[in-house]
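Undergrad: Residue numbers (the numbering used here): 34 to 407.
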């Protein structure tokens, strides 16, 4: 008998350009390969349609995300209220297929669901209220800080409200799972590693010629990481440093230009980004946000050489043993200097392969998800 599944995605999961989209898209690919009939519901900010999703799904439904004041609510987080849509409720009520919700952003339906008996799975991409609290701490804009503060408070209230509704909540890290158990007193939480499409890749041989930081440069957390690296690690440090990512602000561009050894690659194509990852010698990827999992680190471990991170970047990820941990600027400099010119050893490659293939075995993880649903 055919197995049908509704997936509610907070975003159109194509093209695959950043972490959350990687997880959703490659999960859809894996479920489709396993014979699951997918009914995809996704929210779009500009009425964008992606025909690349059609061959993976039985149906793809698009809903307009209401931006600005039209999407606001005094009682719900903006990322949730702007994605509430009655048509979604009506379509889900047409049958009793199980529902996989991708992201707290898309979980508003849980407040308006019918009494229909069906399996419900909530996939967390972060502990959202904590993520927004840390954006509040990272941002230098007063207006943004006000928004992040109130959004974090509303998200915590919303997450508390819905935490007991799903049959299962699946996090991307053990840190996030523990946070939900502790704060919301729920036991229906487990870890399901992200789906990446990277499973059988091999890191490059030899040595690279520069250090690399990559990420979405419009995100305050990533802007803060770049500023910290330039001010504290690469200032007066004669090592080439490349910063690559989408949507850097004019202020960030001007700031990077002040450093003689730094070079910005703005809005690289996917092919260019992967080329930079393969060419870099050290990936310097500190984080000031301890929730979620950093796909940039997973990408670098599959496709790059040495990864130097702080503890916050990998806490609860299972990747601690295959990264070089540094906390202070001095420790980052020491790691960079110690690794200069050194290729990955056979032992490092084998350790990395063992950890990555165990965590990100997508066939195994897909089967586990299917067993939870059915």
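Every residue, glycine too, gets a C-beta built ideally from N, C-alpha and C.
(1) With a 10 Å radius around its C-beta and 16 neighbouring C-beta atoms as the bar for buried, classify residue 136 as buried or exposed.
(2) With a 10 Å radius around its C-beta and 16 neighbouring C-beta atoms as the bar for buried, classify residue 255 as buried or exposed.
(3) Which class does residue 384 belong to by DSSP, given the choice of helix, strand or coil?
(4) With a threshold of 7 Å on Cβ separation, who are the neighbours of residue 106 within its own chain once the five nearest residues in sequence on each side are excluded?
(5) Taking all protein chains shown into account, do 16 or more other C-beta atoms lie within 10 angstroms of the C-beta of residue 133, making it buried, or fewer, making it exposed?
(6) With DSSP collapsed to three states, give me the class of residue 277.
(7) Taking the alpha carbon of residue 327 as the reference point, which residue from 353, 116, 177, 304 has its own alpha carbon closest?
(8) To the nearest angstrom, how far is it from the Cα of residue 313 to the Cα of residue 72?
(9) When you compare each of 98, 128, 112, 109 to residue 118 by their alpha carbons, which one comes out closest?
(10) Compare the Cα-Cα distances from residue 91 to each of 54, 39, 293 and report the closest residue.
(11) Under the three-state reduction of DSSP, which class applies to residue 314: helix, strand or coil?
(12) Residue 224 bridges to which residues according to DSSP?
(13) Under 7 Å, do residue 322 and residue 278 count as touching if we go by C-beta distance?
(14) Is it buried or exposed for residue 208, if we count other Cβ within 10 angstroms and need 16 for buried?
(15) I need the straight-line Cα distance from residue 325 to residue 183, nearest angstrom please.
(16) So what does residue 108 bridge to, in DSSP terms?
(17) Would you check if the region 301-315 and the region 258-268 touch, i.e. whether three or more CB-CB distances between them fall below 8 Å?
(18) What are the uninterrupted segments assigned as alpha helix (DSSP H) that are 4 or more residues long and contained completely in the region 328-375, given in chain order?
(19) With distances taken between CB atoms, is the gap from residue 311 to residue 226 smaller than 7 Å?
(20) Count the other C-beta atoms from every protein chain shown that fall within 10 angstroms of the C-beta of residue 176, then say buried if there are 16 or more, exposed otherwise.
(21) In chain order, what residues of the same chain lie with their CB nearer than 6 Å to the CB of residue 163, ignoring the 5 residues before and after it?
(22) In whole angstroms, what separates the C-alpha of residue 83 from that of residue 47?
(23) Could you name the residues that DSSP lists as bridge partners for residue 190?
(24) Out of 167, 147, 172, 130, point me to the one whose CA is closest to residue 154's CA.
(25) Relative to the C-alpha of residue 85, which residue among 78, 93, 79 is closest?
(26) CB-CB under 7 Å to residue 195, same chain, minus the five flanking residues each way: which ones, in chain order?
(27) Is DSSP giving residue 158 helix, strand or coil here?
(28) Can you give me the start and stop residues for the beta strand (DSSP E) that residue 120 sits inside?
(29) In this structure, how does DSSP classify residue 257 when only helix, strand and coil are distinguished?
(30) Under three-state DSSP, which class holds residue 71?
(31) Name, in chain order, the residues that DSSP records as bridge partners for residue 77.
(32) So, for residue 197: in the same chain, excluding its five sequence neighbours on each side, which residues have a beta-carbon less than 8 Å away from its beta-carbon?
(33) Since residue 335 and residue 243 are thought to touch, with beta carbons under 8 Å apart, how far apart are those beta carbons, to the nearest angstrom?
(34) With the cut-off set at 7 Å, would you say residue 331 and residue 229 are in Cβ contact?
TA: According to the structure shown:
(1) In the chain shown, residue 136 corresponds to position 103, counting from 1. By the 10 Å Cβ count, residue 136 comes out buried.
(2) In the chain shown, the residue the question calls residue 255 occupies position 222. Residue 255 comes out buried.
(3) Along the chain shown, one-based indexing puts residue 384 at 351. In this structure, residue 384 counts as helix in the three-state DSSP scheme.
(4) Position 73 of the chain shown, counting from 1, holds the residue named residue 106. Counting only Cβ-Cβ distances below 7 Å, and skipping sequence neighbours, we find 114.
(5) Working through the chain shown from its first residue, we reach residue 133 at position 100. That one is buried.
(6) Here residue 277 corresponds to residue number 244 of the chain shown, with the count starting at 1. Strand.
(7) As a working note, residue 327 is residue 294 in the chain shown. Ranking 353, 116, 177, 304 by Cα distance to residue 327 puts 353 first.
(8) One-based indexing of the chain shown puts residue 313 at position 280. One-based indexing of the chain shown puts residue 72 at position 39. Residue 313 and residue 72: Cα-Cα distance of roughly 40 Å.
(9) For the purposes of this step, residue 118 is identified with residue 85 of the chain shown, where counting begins at 1. Out of 98, 128, 112, 109, 98 has the C-alpha closest to the C-alpha of residue 118.
(10) Looking up residue 91 in the chain shown gives position 58. Of the listed residues, the one whose Cα sits closest to residue 91 is 39.
(11) On the chain shown, residue 314 is found 281 positions in, with the first residue counted as 1. It is coil, neither helix nor strand.
(12) Position 191 of the chain shown, counting from 1, holds the residue named residue 224. Residue 224 is bridged to 204.
(13) Taking the chain shown and counting its residues from 1, the one referred to as residue 322 is at position 289. Taking the chain shown and counting its residues from 1, the one referred to as residue 278 is at position 245. Not closer than 7 Å, so no.
(14) By 1-based counting over the chain shown, the position of residue 208 is 175. Buried, because 16 or more other Cβ atoms sit within 10 Å of the Cβ of residue 208.
(15) Working through the chain shown from its first residue, we reach residue 325 at position 292. Working through the chain shown from its first residue, we reach residue 183 at position 150. When rounded, the distance between both Cα atoms is 21 Å.
(16) For the purposes of this step, residue 108 is identified with residue 75 of the chain shown, where counting begins at 1. Answer is none; residue 108 lacks a bridge partner.
(17) no
(18) 328-336, 344-347, 362-372
(19) The residue you call residue 311 lines up with position 278 of the chain shown. The residue you call residue 226 lines up with position 193 of the chain shown. Not in contact: residue 311 and residue 226 (Cβ atoms no closer than 7 Å).
(20) If you number the chain shown from 1, residue 176 lands on position 143. By the neighbour-count rule (16 or more Cβ atoms within 10 Å), residue 176 is not buried but exposed.
(21) As a working mapping, residue 163 is identified with position 130 in the chain shown. Result list for residue 163: 324, in chain order.
(22) Looking up residue 83 in the chain shown gives position 50. Looking up residue 47 in the chain shown gives position 14. Distance between the alpha carbons of residue 83 and residue 47: 7 Å.
(23) Indexing the chain shown from 1 puts residue 190 at position 157. According to DSSP, residue 190 bridges with nothing at all.
(24) Locating residue 154 in the chain shown gives position 121, where the first residue counts as 1. Taking only the C-alpha atoms, the option nearest residue 154 is 130.
(25) In the chain shown, residue 85 corresponds to position 52, counting from 1. Here the closest residue by C-alpha is 93.
(26) The residue given as residue 195 occupies position 162 in the chain shown. Result list for residue 195: 140, 143, in chain order.
(27) As a first step, residue 158 is located in the chain shown; it is residue number 125 there, counting from the start. Coil, per DSSP.
(28) In the chain shown, residue 120 corresponds to position 87, counting from 1. Unbroken run through residue 120 is the alpha helix (DSSP H), 119-125; no beta strand (DSSP E).
(29) Residue mapping note: residue 257 aligns to position 224 of the chain shown, counting from 1. Helix, per DSSP.
(30) Taking the chain shown and counting its residues from 1, the one referred to as residue 71 is at position 38. Residue state, collapsed to three classes: strand.
(31) Residue numbering aside, residue 77 sits at position 44 when the chain shown is read from its first letter. According to DSSP, which records beta bridges pairwise, residue 77 is partnered with 97.
(32) Taking the first residue of the chain shown as position 1, residue 197 is located at position 164. For residue 197, where only same-chain residues beyond five positions count, the Cβ hits under 8 Å are 217, 219, 221.
(33) Taking the chain shown and counting its residues from 1, one reaches residue 335 at position 302. Taking the chain shown and counting its residues from 1, one reaches residue 243 at position 210. With a Cβ gap of about 19 Å, residue 335 and residue 243 do not count as contacting.
(34) Position 298 of the chain shown holds residue 331. Position 196 of the chain shown holds residue 229. In contact: residue 331 and residue 229 (Cβ atoms closer than 7 Å).
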